[in-house]
Amino acid sequence: MRPGHNLAAYLTIKDAGKAVAFYERAFGAEVVEKHMAEGRDLIMHCELRINGGLVMLADEFPEYGDVKSPQALGGTTFNLYLDLGAPPAVDAQIEKARKEGAAVVMPPEDTFWGARFGMVRDPFGHMWAFSAPLAKG
Numbered sequence: 001m002r003p004g005h006n007l008a009a010y011l012t013i014k015d016a017g018k019a020v021a022f023y024e025r026a027f028g029a030e031v032v033e034k035h036m037a038e039g040r041d042l043i044m045h046c047e048l049r050i051n052g053g054l055v056m057l058a059d060e061f062p063e064y065g066d067v068k069s070p071q072a073l074g075g076t077t078f079n080l081y082l083d084l085g086a087p088p089a090v091d092a093q094i095e096k097a098r099k100e101g102a103a104v105v106m107p108p109e110d111t112f113w114g115a116r117f118g119m120v121r122d123p124f125g126h127m128w129a130f131s132a133p134l135a136k137g
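Going by the working numbering, the residue at position 93 of the sequence shown is 93; the numbering climbs one at a time, nothing skipped.
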């Protein structure tokens with residue numbers, strides 16, 4: 001993690017290698033750093049740059065603590081939120097993610113709080129929210 005970052009999401013994922021490939025295709029993620037577990041085809045640590053932010057992830061390693069993937073939990077406890085800046089970008093991002101295999105949980109819509117907003121669940125169980133402010137007027 002670069003100095004100066006105070007908070008980043010760290011995802012636990014079943015089949016993290018496939019998740020990295022999905023995030024590259026669906027969200028334009030760039031791999032900053034990736035380390036494999038010694039002698040195993042599992043990602044021990046990976047850092048991705050997505051929309052200017054940092055997301056870290058690893059495969060499940062039950063032997064190192066009680067951190068589980070959404071598949072193991074049967075759901076997730078949080079959403080990842082991306083501010084895309086312009087309302088048309090919300091629709092485009094959700095459609096791109098859908099085409100790559102994400103499930104649309106909330107189609108893009110103009111909300112009462114003044115944003116274009118929508119959500120998807122990625123194929124690995126993590127929820128992603130996309131938003132952009134609506135023009136005032």
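Using N, Cα and C, we set each Cβ at its ideal position, and we do this for glycine too.
- Sorting SER131, GLU109, LYS34 by C-alpha distance to the C-alpha of LEU57 places LYS34 at the top.
- In the DSSP assignment, TYR10 falls within the unbroken beta strand (DSSP E) covering 9-13.
- Contact between the segment 9-26 and the segment 56-72 is established, with three or more Cβ pairs separated by less than 8 angstroms.
- ALA103 places its beta carbon less than 8 angstroms from that of ARG121.
- Around the C-beta of ARG116, 16 or more other C-beta atoms lie within 10 Å, and the residue is accordingly described as buried.
- GLU24: member of the alpha helix (DSSP H) spanning 16-27, first to last residue.
- Boundaries of the beta strand (DSSP E) harbouring LYS34: 30-36, taken from the DSSP string.
- Nearest in C-alpha terms to LEU80, of all of ASN51, LEU73, LYS68, PRO108, is ASN51.
- For ARG98, there is no enclosing beta strand (DSSP E); the residue is part of the alpha helix (DSSP H) that begins and ends at 87-99.
- As the crow flies, the alpha-carbon of LYS136 is around 8 angstroms from that of GLY114.
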